[in-house]
Amino acid sequence: MEKLLPIKFVTSRGRLLLLCVLAAVLPVATAAAQTAEPVMVVITHPTTSEEGIPRASLRAIFGMLLQQWPGRKPVKVFVLRDDASEHATFSKSVLQVFPHQLRMAWDRQVFSGQGQYPEQVSSPQEMLSRVASTPGAIGYVKASEVDQNVRVLKIR
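End of the sequence shown sits at 169 in my numbering; the numbers just go up one at a time, nothing left out.
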């Protein structure tokens, strides 16, 4: 009986080709990992007594349907512009709704005469400043931008 020799599937050319493919894919994979959406957090005025909030209540607050904190203190909602990337990230990752759905909810409240728009700020720095200086305020920023003048609200 004749003995068969094992066939080498990966030749030196094959190894070289594999290394070239990996070298080409690695920068793309690294770039994709670096462009991942930032972690967004909900911030409140430092005197807000709440430590955490259910996601449904958070949606109601940012949808302008819930206008008071549990202690009957008024909520003042701050948001970034609709076209701000942080607004889209916050809407999708934290509230789990699309930004256009928030806009439709606000429009419905205003046009029916039952509510008003949230106050719009132009930058994360203005968001931090306005939330820190407005009792009952709530807003959002990237986790990396939080400073000592606001509180981070946990989402339950």
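We put the CB at the ideal spot given by N, CA and C, even for glycine. Remember, it's a predicted structure, so these values are computed and weren't measured experimentally.
Buried or exposed (CB count within 10 angstroms, at least 16 for buried), residue i
i	result
Phe111	exposed
Val163	buried
Met77	buried
Arg116	exposed
Thr60	exposed
Glu99	buried
Arg72	buried
Ser125	exposed
Test item: CB-CB of residue i and residue j under 8 Å
i	j	result
Glu123	Gln114	Note that residue 123 corresponds to Val in the displayed sequence, not to Glu. No; because the gap between Cβ atoms is not below 8 Å, this pair is not in contact.
Thr102	Pro67	no
Val54	Val165	yes
Ile168	Gly84	no
Val159	Ile74	no
Lys86	Gly152	no
Val154	Arg143	no
His58	Ala145	yes
Pro131	Val92	yes
Residues bridged to residue i (per DSSP)
i	result
Val163	Its beta-bridge partners do not exist; DSSP assigns none.
Pro87	Gln81
Gly65	Lys167
beta-carbon residue i near the ligand SAM non-hydrogen atom, thresh 7 Å
i	result
Ala145	No copy of the ligand SAM occurs in the structure displayed, which carries no ligand at all.
For this session: Ignoring anything shorter than 3 residues or poking outside the segment 107-135, list the beta strand (DSSP E) runs there in chain order.
Result: Listed in chain order, the complete beta strand (DSSP E) runs (minimum 3 residues) inside the segment 107-135 are 132-134.
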